[in-house]
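Notes follow the structure.
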């Protein structure tokens with residue numbers, strides 16, 4: 765079906781379905797965080813199912829942009845793709861679709877996060893320093909960054925805080941009581 769033939773009801777259905785997938789994804793993560801970071805057995809199946817459905821949605825409407833589904837649902841779609849680490853080719857395709865839309869019709873910040881995720885999944889240094897690892901406050905650091913001297917400049921171009929500010933946010937989020 766050509767993209768322009770979609771009705772408001774069809775976009776409404778896609779929005780509702782994306783919201784449902786997002787809620788399930790976030791609930792799975794919350795349960796894992798409450799269980800010392802251990803995901804339940806059904807998490808892989810959930811992520812795979814969400815990824816397959818996002819692929820179908822993208823094939824039907826291209827990227828779910830702000831003008832098509834609203835800012836909130838566009839962000840939800842990005843996060844579902846961000847979590848599709850088992851399908852890096854799909855992540856790459858989604859990234860290219862996001863980069864191709866009109867400025868302002870997709871979050872530049874989301875592009876930066878997905879760019880880094882794709883690079884890290886391909887064992888390449890990230891550009892924006894969004895992907896971290898470490899088990900303690902002391903060891904929690906960004907994964908390798910290409911041209912780290914310019915990372916804050918690149919982050920600013922994407923509407924992001926400095927890397928130091930971002931690290932502080934993450935430390936408060938993940939290590940507040942540790």
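Numbering (my numbering), first residue to last: 765 to 942.
Positions of the beta carbon are idealized from the N, C-alpha and C atoms, including for glycine.
The model shown is predicted, which means the values in this text are computed figures rather than measured ones.
Query                                                                                                  : Result
Endpoints, alpha helix (DSSP H) assigned at residue 837                                                : 835 to 846
Residue 932: first and last residue of the uninterrupted alpha helix (DSSP H) it sits in               : 927 to 939
Beta carbon proximity, residue 778 to chain D, threshold 7 Å                                           : Structure shown: chain D not included; a single protein chain is present.
Contacting residues, own chain, Cβ-Cβ under 8 Å from residue 934 (five flanking each side not counted) : 896, 904
For residue 905: DSSP bridge partner residues                                                          : 897
Whole-Å CB distance - residue 845 paired with residue 779, under 8 Å assumed                           : Incorrect: roughly 16 Å between the Cβ atoms, too far for contact.
Beta-ladder partner(s) of residue 890, from DSSP                                                       : 909
Under 7 Å between C-beta atoms of residue 840 and residue 872                                          : no
Spatial distance of residue 776 from residue 917 (CA atoms)                                            : 38 Å
Top-ranked residue by Cα proximity to residue 924, from 877, 889, 848                                  : 877
Assigned secondary structure, residue 776 (DSSP; H/G/I helix, E/B strand, else coil)                   : helix
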